[in-house]
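Engineer: Questions regarding the structure given below will be posed in turn.
In the UniProt record's numbering, the protein residues as written are 1 to 341.
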């Protein structure tokens, strides 16, 4: 549905007091069939900008307005209005720019709370059906990754139409996997009867799915990059030219090492070697999933620490302003006492 967005506007700026006092901007999104609104603070815009620059490797088409100290903007309606205008320009530029990579990024759709078009997810899960759904989402992600590999293979063969179709299939599967992963996370919170260890294990499974969604999303955004074709060697004149042309371009010291058999591969045929390689890759993917879960938790802790620091800074600024105000009152009172004394 992100491709159907026709208009984005920031219609209001609200002062929100929970969990900490901040300004929330109401972003209104319109498509041919519906209109919805979502509230986002400035830090959300900054996170979106960082994610877009990270996923594309380029600067966004429009800059974010600069960040001001909380105490200076909270009560200044003119500065809030100016920031609201610039944030709206930022979003509209992404929507209307010729390069579609920005508005097609998954972070942009998530920022706008674009609803998933289709995700066949049950309303409630049991402990067993949750695991079944997790396996289905993992299979869907494998399908998306396979479609991207097919896209690259078709692009190498010069089949642009087939590559675009495969890319579309991958993006569709990825969107569905993303929404179903979030549904699994919500359902996990509502599941009862799970021990702490099992709940933590399933939380790691959700984190692994999210990491895979992010990885496949980066593959989808990166597109196909053709390999560089090496320059053929210049043929030398004379009877020895064929031998010179067959020689490798780089310097080679000694003979090229032949592929070595191992105790695992020696009793296997070609099919067995392929299956062994696939098993090793699956094991590596599982280990990567566990590592991704740990990194996700560390990132969440870092974000919570950053939020706490922001809140403490805001409190310190407020205290500083109060101290200045009280100091001024005490100075005036002292001058009055001196005149009376």
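Heads up, the beta-carbon is just placed ideally off N, CA and C, and yes, glycines get one too. Computed from a predicted structure; not experimentally measured.
Quick check: is the beta carbon of residue 99 nearer than 9 Å to any beta carbon in chain D?
Structural biologist: Looking at the structure shown, chain D is missing, and only one protein chain is on hand.
Engineer: Please state whether the Cβ-Cβ distance between residue 220 and residue 174 is less than 9 Å.
Structural biologist: As a working mapping, residue 220 is identified with position 220 in the chain shown. As a working mapping, residue 174 is identified with position 174 in the chain shown. In contact: residue 220 and residue 174 (Cβ atoms closer than 9 Å).
Engineer: Please tell me whether residue 177 and residue 292 are closer than 9 Å, where the distance is taken between their beta carbons.
Structural biologist: Taking the first residue of the chain shown as position 1, residue 177 is located at position 177. Taking the first residue of the chain shown as position 1, residue 292 is located at position 292. No, these two residues do not count as a Cβ contact at 9 Å.
Engineer: With a CB to CB cut of under 6 Å and the five nearest residues on each side skipped, what residues in its chain are close to residue 157?
Structural biologist: The residue given as residue 157 occupies position 157 in the chain shown. Cβ neighbours of residue 157 beyond the five flanking positions: none.
Engineer: Please state whether DSSP places residue 37 in a helix, a strand or coil.
Structural biologist: Mapped onto the chain shown, residue 37 falls at position 37. Reduced to three states, the DSSP call for residue 37 is strand.
Engineer: I'd like the list of long-range same chain contacts for residue 162, defined as Cβ closer than 7 Å, with 5 residues on each side in sequence excluded.
Structural biologist: Here residue 162 corresponds to residue number 162 of the chain shown, with the count starting at 1. Correct list, in chain order: 154.
Engineer: DSSP three-state label for residue 119, please.
Structural biologist: Taking the chain shown and counting its residues from 1, one reaches residue 119 at position 119. Reliability fails at residue 119, whose pLDDT of 46 lies under 50, so the model's placement of it is uncertain and the value that follows must be treated cautiously. The answer is coil: DSSP assigns residue 119 none of H, G, I, E or B.
Engineer: In whole angstroms, what is the alpha-carbon distance linking residue 62 and residue 42?
Structural biologist: Here the question's residue 62 lines up with position 62 in the chain shown. Here the question's residue 42 lines up with position 42 in the chain shown. Residue 62 and residue 42 have their alpha carbons spaced roughly 15 Å apart.
Engineer: Please report the straight-line C-alpha distance between residue 289 and residue 211, rounded to a whole angstrom.
Structural biologist: Taking the chain shown and counting its residues from 1, the one referred to as residue 289 is at position 289. Taking the chain shown and counting its residues from 1, the one referred to as residue 211 is at position 211. Whole-angstrom Cα-Cα distance: 7 Å.
Engineer: Which whole-angstrom value is the C-beta distance of residue 20 and residue 314, which I expect to be below 8 Å?
Structural biologist: Within the chain shown, numbered from 1, the residue matching residue 20 stands at position 20. Within the chain shown, numbered from 1, the residue matching residue 314 stands at position 314. Taking C-beta atoms under 8 Å as the contact rule, residue 20 and residue 314 qualify, at a distance of about 7 Å.
Engineer: With a threshold of 8 Å on Cβ separation, who are the neighbours of residue 136 within its own chain once the five nearest residues in sequence on each side are excluded?
Structural biologist: Counting from 1 along the chain shown, the entry for residue 136 is found at position 136. Result list for residue 136: 180, in chain order.
Engineer: Comparing C-alpha positions only, which one of 125, 110 and 10 sits nearest to residue 91?
Structural biologist: Mapped onto the chain shown, residue 91 falls at position 91. Looking at the Cα atoms, 10 is the closest of the given residues.
Engineer: Do you know offhand how far residue 329's Cα is from residue 340's?
Structural biologist: If you number the chain shown from 1, residue 329 lands on position 329. If you number the chain shown from 1, residue 340 lands on position 340. Each residue's Cα considered, the two are about 17 Å apart.
Engineer: Based on DSSP bridge pairs, tell me the residues matched to residue 13.
Structural biologist: The residue you call residue 13 lines up with position 13 of the chain shown. 25.
Engineer: Give a yes or no on whether the C-beta atoms belonging to residue 80 and residue 23 are separated by under 9 Å.
Structural biologist: For the purposes of this step, residue 80 is taken as the residue at position 80 of the chain shown. For the purposes of this step, residue 23 is taken as the residue at position 23 of the chain shown. Yes; because the gap between Cβ atoms is below 9 Å, this pair is in contact.
Engineer: Evaluate residue 144 with the Cβ neighbour count: other Cβ atoms within 10 Å of its Cβ, from every protein chain shown; 16 or more gives buried, anything less gives exposed.
Structural biologist: Residue numbering aside, residue 144 sits at position 144 when the chain shown is read from its first letter. The residue in question, residue 144, is buried, as its Cβ has 16 or more Cβ neighbours within 10 Å.
Engineer: Strictly by DSSP, which residues pair up with residue 104?
Structural biologist: As a position in the chain shown, residue 104 is number 104, starting the count at 1. According to DSSP, residue 104 bridges with nothing at all.
Engineer: Within 10 Å of its beta-carbon, does residue 76 have 16 or more other beta-carbons around it, so buried, or fewer, so exposed?
Structural biologist: Residue mapping note: residue 76 aligns to position 76 of the chain shown, counting from 1. Exposed.
Engineer: Between residue 343 and the rest of its own chain, which residues show a CB-CB distance below 8 Å, the 5 nearest in sequence each way excluded?
Structural biologist: Because the chain is modelled from 1 through 341, residue 343 falls outside the range shown and cannot be assessed.
Engineer: Using only the alpha-carbon positions, how far apart do residue 101 and residue 295 sit?
Structural biologist: Within the chain shown, the letter at position 101 stands for residue 101. Within the chain shown, the letter at position 295 stands for residue 295. In a straight line, the C-alpha of residue 101 is about 27 Å away from that of residue 295.
Engineer: Roughly how many angstroms separate the alpha carbons of residue 146 and residue 170, rounded to a whole number?
Structural biologist: Sequence index remark: in the chain shown, residue 146 carries index 146 (1-based). Sequence index remark: in the chain shown, residue 170 carries index 170 (1-based). Taking the straight line from one Cα to the other gives about 8 Å.
Engineer: Using only the alpha-carbon positions, how far apart do residue 286 and residue 103 sit?
Structural biologist: Here residue 286 corresponds to residue number 286 of the chain shown, with the count starting at 1. Here residue 103 corresponds to residue number 103 of the chain shown, with the count starting at 1. Going from the Cα of residue 286 to the Cα of residue 103 covers about 32 Å.
Engineer: Start and end of the alpha helix (DSSP H) containing residue 45?
Structural biologist: For this step, residue 45 is matched to residue 45 along the chain shown. Where residue 45 is concerned, the enclosing alpha helix (DSSP H) stretches over 42 to 56.
Engineer: For residue 152, report the span of its alpha helix (DSSP H) as first-last.
Structural biologist: For the purposes of this step, residue 152 is taken as the residue at position 152 of the chain shown. Per DSSP, residue 152 belongs to the alpha helix (DSSP H) from 127 to 156.
Engineer: For residue 7, does the three-state DSSP call read helix, strand or coil?
Structural biologist: Counting from one through the chain shown, the residue named residue 7 turns up at place 7. Taken through DSSP and simplified to helix, strand or coil, residue 7 comes out as strand.
Engineer: Return the Cβ separation of residue 45 and residue 112 in integer angstroms, given the expectation that the two are a contact with Cβ distance under 8 Å.
Structural biologist: The residue you call residue 45 lines up with position 45 of the chain shown. The residue you call residue 112 lines up with position 112 of the chain shown. Contact flag wrong, Cβ pair sits at about 12 Å.
Engineer: Determine, using beta carbons only, whether residue 166 and residue 148 come nearer to each other than 9 Å.
Structural biologist: Here residue 166 corresponds to residue number 166 of the chain shown, with the count starting at 1. Here residue 148 corresponds to residue number 148 of the chain shown, with the count starting at 1. Contact annotation: residue 166 and residue 148 have beta-carbon atoms nearer than 9 Å.
Engineer: Measure the C-alpha to C-alpha separation of residue 13 and residue 25 and round it to an integer number of angstroms.
Structural biologist: Residue 13 sits at position 13 when you count from the first residue of the chain shown. Residue 25 sits at position 25 when you count from the first residue of the chain shown. Rounded to the nearest angstrom, the two C-alpha atoms are 4 Å apart.
Engineer: On a Cα-Cα basis, can you pick out the residue from 57, 199, 142 and 64 that is closest to residue 47?
Structural biologist: As a working note, residue 47 is residue 47 in the chain shown. Closest by alpha carbon: 64.
Engineer: In whole angstroms, what separates the C-alpha of residue 277 from that of residue 82?
Structural biologist: Translated into positions along the chain shown, residue 277 becomes position 277. Translated into positions along the chain shown, residue 82 becomes position 82. Whole-angstrom Cα-Cα distance: 58 Å.
Engineer: Compute the Euclidean distance between the alpha carbons of residue 119 and residue 60, then round it to the nearest angstrom.
Structural biologist: Position 119 of the chain shown, counted from the start, is the residue given in the question as residue 119. Position 60 of the chain shown, counted from the start, is the residue given in the question as residue 60. Caution is warranted here: a pLDDT of 46 is assigned to residue 119, below 50, making its placement in the model unreliable, and no coordinate value can be reported.
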